[in-house]
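Q: Protein chains in written order, with full-length UniProt numbering: chain A, 1 to 419; chain B, 1 to 419. Ideal Cβ positions, reconstructed from N, Cα and C, are used throughout, including at glycine.
(1) Quickly, what does DSSP pair residue 152(A) with across the bridge? List them, please.
(2) What beta strand (DSSP E) runs, 3 residues minimum, are completely inside the region 268-332 of chain A?
(3) Are the region 105-113 of chain B and the region 402-417 of chain A in contact at 8 Å, needing three or more beta carbon pairs?
(4) Thinking C-beta only, is residue 261(A) closer than 8 Å to residue 255(A)?
(5) Are the C-beta atoms of residue 365(A) and some chain B residue less than 8 Å apart?
(6) Which of the residues in the region 82-101 of chain B, read from start to end, lie with their CB under 9 Å from any CB of chain A?
(7) May I ask you to list, following chain order, the residues of the region 271-299 of chain B that have a beta carbon less than 7 Å from some beta carbon of chain A?
(8) Within 10 angstroms of the Cβ of residue 178(B), are there 16 or more other Cβ atoms? Answer buried if so, exposed if not.
(9) Residue 154(A) and residue 390(A): beta carbons closer than 8 Å?
(10) In terms of alpha-carbon separation, which member of 191(B), 221(B) and 329(B) lies closest to residue 118(A)?
(11) Looking at the C-beta of residue 416(B), does it have a partner C-beta in chain A at a distance below 8 Å?
(12) Can you find a heavy atom of the ligand NAP that lies under 7 Å from the Cβ of residue 123(A)?
(13) State the DSSP-derived secondary structure class of residue 48(B), mapped to helix, strand or coil.
(14) Pick out whichever of 113(A), 172(A), 164(A) and 156(A) has its Cα sitting closest to the Cα of residue 148(A).
(15) Does residue 213(B) have its Cβ less than 8 Å from a Cβ in chain A?
(16) Are the region 323-332 of chain A and the region 291-307 of chain A touching by the rule of at least three beta carbon pairs closer than 8 Å?
(17) From this set, 374(B), 350(B), 360(B) and 9(B), which residue's C-alpha is nearest residue 275(B)'s C-alpha?
(18) With a threshold of 8 Å between beta-carbons, can residue 345(A) be considered close to chain E, or not?
(19) Considering just the uninterrupted stretch of the beta strand (DSSP E) at residue 361(A), what are its terminal residues?
(20) So with Cβ pairs under 8 Å, would you call residue 378(A) a contact of chain B?
(21) Just checking: is the beta-carbon of residue 351(A) within a distance shorter than 8 Å of some beta-carbon in chain B?
(22) Residues in its own chain within less than 7 Å of residue 125(A) by CB, not counting five upstream and five downstream?
(23) Can you pull out the residues from the region 319-332 of chain A whose beta carbon lies closer than 7 Å to at least one beta carbon of chain B?
(24) Starting from residue 196(B), find everything on chain A with Cβ-Cβ shorter than 8 Å and list it in chain order.
(25) Identify each residue in the region 170-186 of chain A for which the Cβ-Cβ distance to at least one residue of chain B is less than 8 Å, and report them in chain order.
(26) At a Cβ threshold of 8 Å, is residue 39(A) touching chain B?
(27) Run through DSSP, which three-state label would residue 418(B) get?
(28) By DSSP, does residue 247(A) sit in helix, in strand, or in coil?
(29) Going residue by residue through the region 15-62 of chain B, where are the continuous beta strand (DSSP E) segments of at least 3 residues, counting only ones entirely within it?
(30) Would DSSP call residue 341(B) helix, strand or coil?
(31) Counting pairs of beta carbons, one from the region 193-209 of chain A and one from the region 235-243 of chain A, are three or more of them closer than 8 Å?
(32) Can you give me the Cβ contacts of residue 189(A) inside the same chain, cut-off strictly under 8 Å, excluding the 5 residues immediately before and after it?
(33) Run through DSSP, which three-state label would residue 105(B) get?
(34) For a contact meaning CB atoms closer than 9 Å, what does residue 338(B) contact in chain A?
(35) List in chain order: all unbroken beta strand (DSSP E) runs of 3+ residues lying wholly within the region 173-245 of chain A.
(36) Would residue 422(A) and residue 320(A) qualify as a contact pair, given that the criterion is a beta-carbon distance under 8 Å?
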């Protein structure tokens with residue numbers, strides 16, 4: 001492949017589907033004063049890349065794929081290096097050479113939505129690796145609204161433990177670890193679970209003064225539907241949150257794919273006892289999970305984490321959830337109607353929380369878990385690793401095929417590997 | 001109408017629809033040791049009685065209507081008068097002659113669901129005034145699981161202010177006031193509203209240590225869809241909760257019926273300034289509400305309270321809610337599919353909380369508001385009264401017709417009026 005100083009290698013999607021090509025394109029440059037150019041160290045291949053790949057999510061333009069990356073700042077727009085009151089701090093503090101990670105969507109950090117912390121629904125939001133914005137499976141990437149979007153991994157405020165984390169781990173901060181944590185946090189913070197968590201009945205459980213008293217603990221039960229990389233992160237995050245609250249629990253982790261169940265089992269085995277706390281975890285196929293919930297759990301699961309994003313996963317979530325239970329759905333859904341009636345919802349008093357993880361807002365919390373759980377997030381290519389392999393961009397076509405067929409777990413691209 | 005010592009007057013529904021008859025039936029008696037017999041002082045006619053009346057909710061058996069009542073205990077089963085550890089306190093303390101109110105469904109207070117406070121989904125739950133359990137529009141009623149179900153209005157622990165409340169106000173504790181408060185409480189306690197309420201961005205807002213600090217307050221915005229008696233209670237409860245938290249807010253109260261809007265306006269006028277706090281309330285038709293939200297509110301409502309229980313109300317709720325907003329739906333829904341796709345939910349990060357109010361668990365909180373807001377809840381038949389009229393059972397047929405057509409607000413029955 002011919003190369004020059006002004007072009008770079010990139011993985012591009014060609015419409016309508018299943019057409020991935022490794023091509024040479026121009027290196028991006030600053031287009032707006034808020035832009036940064038980042039030299040990619042590692043980029044991820046994510047389950048939601050497959051929505052476009054399979055044509056489920058229609059992408060009508062050729063574009064560079066990928067929305068997960070860690071890299072190094074090589075150019076900054078004119079907004080940087082200035083202290084402007086009210087603007088995100090990074091416009092003042094970010095420097096050339098800093099290592100950064102970005103959430104999978106761009107956010108300004110300044111609009112009314114960002115100020116509430118709901119960064120993924122920023123009014124100027126764009127998804128990396130979509131027709132609207134070039135992605136990260138390349139050697140360089142342009143990051144718009146970079147002072148709001150990027151997280152500085154070279155920040156002076158970070159601890160030595162945080163700075164010692166390998167790039168292959170830091171990569172997980174862009175999407176899958178925050179998204180898995182979001183699924184778990186969204187469920188555990190729901191008011192309908194506070195009675196279980198505090199031991200005080202509803203609505204007394206919502207009174208903060210009462211929560212400080214010791215209550216009678218019930219055994220909580222959870223299902224996690226979908227054990228791809230995000231689902232695994234959701235299970236690890238959920239166990240961590242439950243362990244820290246010392247709550248007795250049952251978690252049923254569900255996937256029809258035996259390879260994914262095997263990976264989940266290996267990761268559970270690798271977690272030390274402090275990673276599991278005071279509970280039991282079962283890894284099950286769909287049918288076995290239904291049987292288990294019906295036989296072992298009196299009224300169903302306190303909460304169900306739905307990580308898949310389709311109609312059958314949602315229907316299963318409804319079937320497994322208890323009355324006054326919570327469905328936390330972070331899967332990317334299509335335009336299919338919800339498979340439930342108003343009466344279904346009323347009769348079971350179900351709560352459903354849907355949508356995209358505000359990853360930028362979650363990164364600090366996810367970073368803490370990443371450091372704490374290096375037994376799981378810190379290795380590559382082992383049975384109990386979340387990351388299966390790191391390959392060059394030249395292997396992108398084959399990697400997409402394997403990942404699409406469920407024959408591989410998480411794959412990372414090192415865009416400088418075969419150069 | 002002939003009468004004897006062993007029969008009573010009752011309002012009965014005859015299938016399939018629109019057939020209400022005032023008839024004489026046997027006075028109920030104790031059938032189980034946990035039963036109580038209550039002599040009805042007042043019974044309510046509720047919006048959800050109309051679901052059966054209209055045949056929307058199929059009731060295949062003749063039954064006494066009504067699920068709201070206040071009355072006096074005239075007989076108790078053998079379970080009462082005993083102190084059995086673990087049983088609800090009322091089995092020991094309830095006495096003949098005590099004044100009581102019941103939630104609209106029976107609950108044991110002892111099963112795993114009740115112990116979490118989710119009393120309306122008790123595993124032994126039955127709805128008063130349904131084919132499964134005779135209702136309250138009569139002179140007497142049998143209350144199963146009475147020690148778990150009833151709330152004692154003669155309890156020594158009540159304050160003088162609580163004991164001074166008129167029966168026509170206490171009636172509201174059975175369903176509509178708890179249900180309206182539930183709609184508001186469910187929205188305000190949702191984690192997605194904690195960033196607005198605490199002034200700290202998500203997810204920091206979920207950290208209790210941070211919540212105690214003063215943050216930057218945003219103006220919250222709410223829509224309430226449906227201004228029948230429950231909707232009015234929801235607005236009054238919401239304003240009370242917002243006033244006590246000193247939060248700037250906008251509430252848009254919505255109903256297509258001009259008579260209902262007029263009642264809402266009169267009630268708002270009757271609320272003193274302390275009842276409204278630091279905000280603005282608009283009472284609007286559906287089209288005017290859409291215009292207002294689009295023009296005045298940057299991204300939509302923080303939360304929408306859906307009190308109607310049909311597909312168009314839900315669709316309107318979705319259209320009005322902001323990204324990362326909450327839909328709190330307490331309307332009784334039919335078997336129509338939810339009018340939304342998975343993509344709708346994902347794209348807006350919407351949360352939906354559905355279902356029946358756990359009224360028994362809410363009664364203490366509702367009682368406090370009832371005492372506090374006697375300016376609204378304490379009058380009958382005035383422009384700003386929630387209760388429009390108190391009539392005898394003889395007027396039931398006409399009352400159902402008027403209420404069905406939206407020509408009357410809340411109607412109560414005094415079953416001894418025309419005797």
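A: Reading it off the structure:
(1) Translated into positions along the first chain, residue 152(A) becomes position 152. DSSP, once it has assigned bridges, lists 100(A) as partnering residue 152(A).
(2) 279-284, 301-306 and 321-329
(3) Because the criterion of three Cβ pairs below 8 Å is not met, the region 105-113 of chain B and the region 402-417 of chain A do not touch.
(4) By one-based count along the first chain, residue 255(A) stands at place 255. By one-based count along the first chain, residue 261(A) stands at place 261. Going by C-beta atoms, residue 255(A) is nearer than 8 Å to residue 261(A).
(5) Position 365 of the first chain, counting from 1, holds the residue named residue 365(A). The Cβ of residue 365(A) sits closer than 8 Å to at least one Cβ of chain B.
(6) none
(7) Here the close residues are 298 and 299.
(8) Looking up residue 178(B) in the second chain gives position 178. By the neighbour-count rule (16 or more Cβ atoms within 10 Å), residue 178(B) is buried.
(9) What you label residue 154(A) is simply residue 154 of the first chain in a count that begins at 1. What you label residue 390(A) is simply residue 390 of the first chain in a count that begins at 1. No. Outside cutoff.
(10) On the first chain, residue 118(A) is found 118 positions in, with the first residue counted as 1. Nearest option by C-alpha distance: 191(B).
(11) Position 416 of the second chain holds residue 416(B). No, because no Cβ of chain A sits closer than 8 Å to the Cβ of residue 416(B).
(12) Absence of the ligand NAP is noted for the structure shown, with no ligands found whatsoever.
(13) For the purposes of this step, residue 48(B) is identified with residue 48 of the second chain, where counting begins at 1. Coil at residue 48(B), not helix or strand.
(14) Within the first chain, numbered from 1, the residue matching residue 148(A) stands at position 148. Taking residue 148(A) as reference, the option from 113(A), 172(A), 164(A) and 156(A) with the minimal CA-CA separation is 113(A).
(15) Numbered from 1 along the second chain, position 213 holds the residue referred to as residue 213(B). For residue 213(B), the predicted model reports a pLDDT of 48, less than 50, meaning its position is unreliable; a value from the coordinates is still stated below. No, no contact with chain A.
(16) yes
(17) The residue given as residue 275(B) occupies position 275 in the second chain. Nearest of 374(B), 350(B), 360(B) and 9(B) to residue 275(B), Cα basis: 374(B).
(18) Within the model displayed, chain E is absent; protein chains A and B are what it includes.
(19) Looking up residue 361(A) in the first chain gives position 361. Unbroken run through residue 361(A) is the alpha helix (DSSP H), 359-372; no beta strand (DSSP E).
(20) By 1-based counting over the first chain, the position of residue 378(A) is 378. No, residue 378(A) lies away from the interface with chain B (no Cβ there is under 8 Å from its Cβ).
(21) Here residue 351(A) refers to the residue found at position 351 of the first chain. Closer than 8 Å to some Cβ of chain B, the Cβ of residue 351(A) qualifies, so yes.
(22) Locating residue 125(A) in the first chain gives position 125, counting from the first residue. Counting only Cβ-Cβ distances below 7 Å, and skipping sequence neighbours, we find 105, 106 and 107.
(23) 323, 324 and 332
(24) Counting from 1 along the second chain, the entry for residue 196(B) is found at position 196. The contacting residues are 116.
(25) Within the region 170-186 of chain A, the qualifying residues are 185 and 186.
(26) In the first chain, the residue the question calls residue 39(A) occupies position 39. Output row for residue 39(A): interface = no.
(27) Position 418 of the second chain, counting from 1, holds the residue named residue 418(B). Coil, per DSSP.
(28) Within the first chain, numbered from 1, the residue matching residue 247(A) stands at position 247. Coil.
(29) 20-26 and 36-45
(30) In the second chain, the residue the question calls residue 341(B) occupies position 341. Residue 341(B) falls in the strand class under three-state DSSP.
(31) Contact fails between the region 193-209 of chain A and the region 235-243 of chain A, because fewer than three Cβ pairs, one in each stretch, are under 8 Å apart.
(32) Here residue 189(A) refers to the residue found at position 189 when the first chain is read from its first residue. There are no such residues.
(33) For the purposes of this step, residue 105(B) is taken as residue 105 along the second chain, with counting starting at 1. Here residue 105(B) sits in strand by DSSP.
(34) As a working note, residue 338(B) is residue 338 in the second chain. Correct list: 337, 338, 339, 340, 341, 342, 344 and 345.
(35) 220-225
(36) Nothing about residue 422(A) can be reported from this structure: the residues present for chain A run from 1 to 419 only.
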